[in-house]
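Mapping the sequence shown onto our numbering, position 157 (from 1) lands on 244, and the numbers just tick up by one. The beta carbon of each residue, even a glycine, is placed where N, CA and C say it ideally should be. Scroll down for the structure; my scribbles are underneath it.
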Amino acid sequence: MIFKVAVLQKRSLDRQPDQNTKTVLSAMEEAARLGADLLLLPECFLTGYELPFTNDEALADSDPHLTILCQAAAAMKIGLVATAITKGTHRPQNAAFLIDKSGAILMKYAKVHTCDFADERCLESGDGFQVCDFHGVKLGIMICYDREYPESARILMLKGAELILVPNDCGAMAPRVQALSTRAYENTVGIVMANPNGENAGCSCAFSPICWDQDGICIDNTLLLADDQTEGLFCAEFDLDALRHYRETEMMGNTFRKVHAYQALLSEEITEPFLREGQR
């Protein structure tokens, strides 16, 4: 079984959801022609990512732009990860909606690791990671800064994710791309990341967890690695039969972990050299 993810590497327009929705519809049409199962957008694509945002400016979960995209997903028989600044309880949230091929919203994920050291201090953090069934494939989502913390991908793996989708919008991508390859390897999950194009940006990518063949010979697990400047649609194909067999036979993921030694991970204490302004 091949699962094909189309990745849009493009920067959206600030606070222009009408035009951004048209861009997404066009990308969905192209992705559907290419036989993709799902289209992944960069972070906050519908609203743009120019902060600060207020709750009044943010999109509601029932916003007509999302309705249009759900209807298009059903008509084109393609899934979509739609991203936007959305209304939160007290402040807006950086969110992603996973829409299936029937146009149903399977889940809304709000970014847990907001960048409180920068403009995202105006946002409300999400309170957990989710995994859902997308036509027989277990999908999880983490957004941009989430991927800097190995716990994000690990929790998604523990909740059953086979593939992790990463809407992103940042620069200095080389170490971040390397980290995503590692997240795939150590958690035995596939990972796909969409990032807007631009100088020192772009580099949308996808990685398989399969890092050696049946003879134990190391292989390149890179399925996709775009350049920084090219705008457009890229595709990554995951062989789910091979991925699932690998997960059933290899020693990574949730196999020989020594959980009793991990209690410090639950401590909220922060000490030098990690004290920073804006920590919550």
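Inset, instruction - Given a cut-off of 9 Å, decide if I297 and N282 are closer than it, judged by their beta-carbon atoms. - result: The sequence position of residue 282 within the sequence shown is 195, counting from 1. The sequence position of residue 297 within the sequence shown is 210, counting from 1. No, Cβ-Cβ distance for N282 and I297 is not below 9 Å.
Inset, instruction - Between the Cα of D365 and those of C209, A197, F132, spot the shortest distance and give me the residue it belongs to. - result: Along the sequence shown, read from residue 1 onward, the residue named residue 365 stands at position 278. Inspection of the sequence shows that residue 365 is occupied by Gly rather than by Asp. Nearest of C209, A197, F132 to G365, Cα basis: C209.
Inset, instruction - Tell whether a beta-carbon distance below 9 Å holds between N181 and C219. - result: Counting from one through the sequence shown, the residue named residue 181 turns up at place 94. Counting from one through the sequence shown, the residue named residue 219 turns up at place 132. Contact flag unset, no.
Inset, instruction - Under the assumption that A197 contacts K174 (Cβ atoms under 8 Å), give the Cβ distance between them as a whole number of angstroms. - result: Residue numbering aside, residue 197 sits at position 110 when the sequence shown is read from its first letter. Residue numbering aside, residue 174 sits at position 87 when the sequence shown is read from its first letter. In fact, because the Cβ distance is near 11 Å, the residues do not count as touching under 8 Å.
Legend entry - CA-to-CA distance, H222 to E335, given in whole angstroms: Within the sequence shown, residue 335 is the residue found at index 248, counting from 1. Within the sequence shown, residue 222 is the residue found at index 135, counting from 1. In a straight line, the C-alpha of E335 is about 21 Å away from that of H222.
Legend entry - Cβ neighbours of C202 in the same chain (closer than 7 Å, five flanking residues each side left out): The count along the sequence shown starts at 1 and reaches residue 202 at position 115. Y232.
Inset, instruction - Report, in whole angstroms, the separation of the C-beta atoms of V94 and L320, which I expect to be a contact under 8 Å. - result: Reading the sequence shown from its first residue, position 7 is the one you call residue 94. Reading the sequence shown from its first residue, position 233 is the one you call residue 320. The pair is a contact, with the Cβ atoms about 7 Å apart (cut-off 8 Å).
Inset, instruction - Report the three-state DSSP secondary structure of Q366 (helix, strand or coil). - result: For this step, residue 366 is matched to residue 279 along the sequence shown. Three-state result, Q366: coil.
Inset, instruction - Using a threshold of 9 Å, state whether the C-beta atoms of T134 and A145 are closer than that. - result: Residue numbering aside, residue 134 sits at position 47 when the sequence shown is read from its first letter. Residue numbering aside, residue 145 sits at position 58 when the sequence shown is read from its first letter. Cβ distance < 9 Å, so T134 and A145 count as in contact.
Legend entry - Pairwise C-alpha distance: G166 and K188: By 1-based counting over the sequence shown, the position of residue 188 is 101. By 1-based counting over the sequence shown, the position of residue 166 is 79. Taking the straight line from one Cα to the other gives about 5 Å.
Legend entry - Three-way DSSP call (helix, strand, coil) for M280 in this model: Within the sequence shown, the letter at position 193 stands for residue 280. Strand.
Inset, instruction - Quick one: give me the first and last residue of the alpha helix (DSSP H) that Q265 is part of. - result: One-based indexing of the sequence shown puts residue 265 at position 178. Note, Q265: alpha helix (DSSP H), 261-274.
Inset, instruction - Kindly give me the distance between the Cβ atoms of E130 and P254, rounded to whole angstroms, as I take these residues to be in contact under 8 Å. - result: Numbered from 1 along the sequence shown, position 43 holds the residue referred to as residue 130. Numbered from 1 along the sequence shown, position 167 holds the residue referred to as residue 254. Yes, E130 and P254 are in contact; Cβ-Cβ is about 4 Å, under 8 Å.
Legend entry - In DSSP terms, what F204 is bridged to: One-based indexing of the sequence shown puts residue 204 at position 117. DSSP output for F204 lists no bridge partner at all.
Inset, instruction - Please confirm whether A171 and P104 have their CB atoms less than 9 Å apart. - result: Against the sequence shown, residue 171 aligns to sequence position 84. Against the sequence shown, residue 104 aligns to sequence position 17. Cβ atoms of A171 and P104: closer than 9 Å.
Legend entry - For A329, the residue or residues it bridges with in DSSP: In the sequence shown, counting from the first residue as 1, residue 329 sits at position 242. For A329, which the question treats as bridged, DSSP gives no partner whatsoever.
Inset, instruction - Return the chain-ordered list of same chain residues with a C-beta closer than 6 Å to the C-beta of C157, the five sequence neighbours on each side being excluded. - result: Stepping through the sequence shown from its first residue, residue 157 is reached at position 70. These residues qualify, in order along the chain: I186, G190.
Legend entry - Residues of its chain near N142, where Cβ-Cβ distance is below 8 Å and the 5 sequence neighbours each way are ignored: For the purposes of this step, residue 142 is taken as the residue at position 55 of the sequence shown. K174, G175, H177, R178, P179, listed in sequence order.
Legend entry - N107 - DSSP class collapsed to helix/strand/coil: The residue you call residue 107 lines up with position 20 of the sequence shown. Looking at N107 - three-state DSSP - the assignment turns out to be helix.
Legend entry - Whether A293 touches V276 by CB criterion (9 Å): By 1-based counting over the sequence shown, the position of residue 293 is 206. By 1-based counting over the sequence shown, the position of residue 276 is 189. Cβ atoms of A293 and V276: not closer than 9 Å.
Inset, instruction - Please confirm whether G289 and A313 have their CB atoms less than 9 Å apart. - result: Along the sequence shown, one-based indexing puts residue 289 at 202. Along the sequence shown, one-based indexing puts residue 313 at 226. A contact, by the Cβ cut-off of 9 Å.
Inset, instruction - Hey, could you find the ends of the alpha helix (DSSP H) T154 is sitting in? - result: Counting from 1 along the sequence shown, the entry for residue 154 is found at position 67. Counting along the chain, the alpha helix (DSSP H) containing T154 begins and ends at 151-163.
Inset, instruction - Rank Y272, Q316, S295 by C-alpha distance to the C-alpha of M260 and give the top, closest one. - result: Translated into positions along the sequence shown, residue 260 becomes position 173. Ranking Y272, Q316, S295 by Cα distance to M260 puts Q316 first.
Legend entry - Option nearest K109 by Cα separation, candidates A169, F90, L311, I357: Against the sequence shown, residue 109 aligns to sequence position 22. K109 has its Cα closest to that of A169, out of A169, F90, L311, I357.
Legend entry - Three-state secondary structure (DSSP) of A147: By one-based count along the sequence shown, residue 147 stands at place 60. Three-state DSSP puts A147 in coil, outside helix and strand.
Legend entry - Range of the contiguous alpha helix (DSSP H) that encloses I186: If you number the sequence shown from 1, residue 186 lands on position 99. Run containing I186: none in the alpha helix (DSSP H); it sits in the beta strand (DSSP E), 180-186.
Legend entry - Residue(s) in a DSSP beta bridge with G227: Here residue 227 corresponds to residue number 140 of the sequence shown, with the count starting at 1. Partner(s): V218, I251.
Legend entry - Neighbourhood of K195 by C-beta, 7 Å cutoff - its chain only, sequence neighbours within 5 removed: Here residue 195 is taken as the residue at index 108 of the sequence shown, counted from 1. Closer than 7 Å at the Cβ level, and outside the excluded window around K195, lie D148, A182, F184.
Inset, instruction - Could you spell out the range, first to last residue, of the beta strand (DSSP E) harbouring M194? - result: Within the sequence shown, residue 194 is the residue found at index 107, counting from 1. It spans 192-197 - the beta strand (DSSP E) in which M194 sits, taken as one unbroken run.
Legend entry - Distance, E137 Cα to V199 Cα: Stepping through the sequence shown from its first residue, residue 199 is reached at position 112. Stepping through the sequence shown from its first residue, residue 137 is reached at position 50. Taking the straight line joining both Cα atoms gives about 19 Å.
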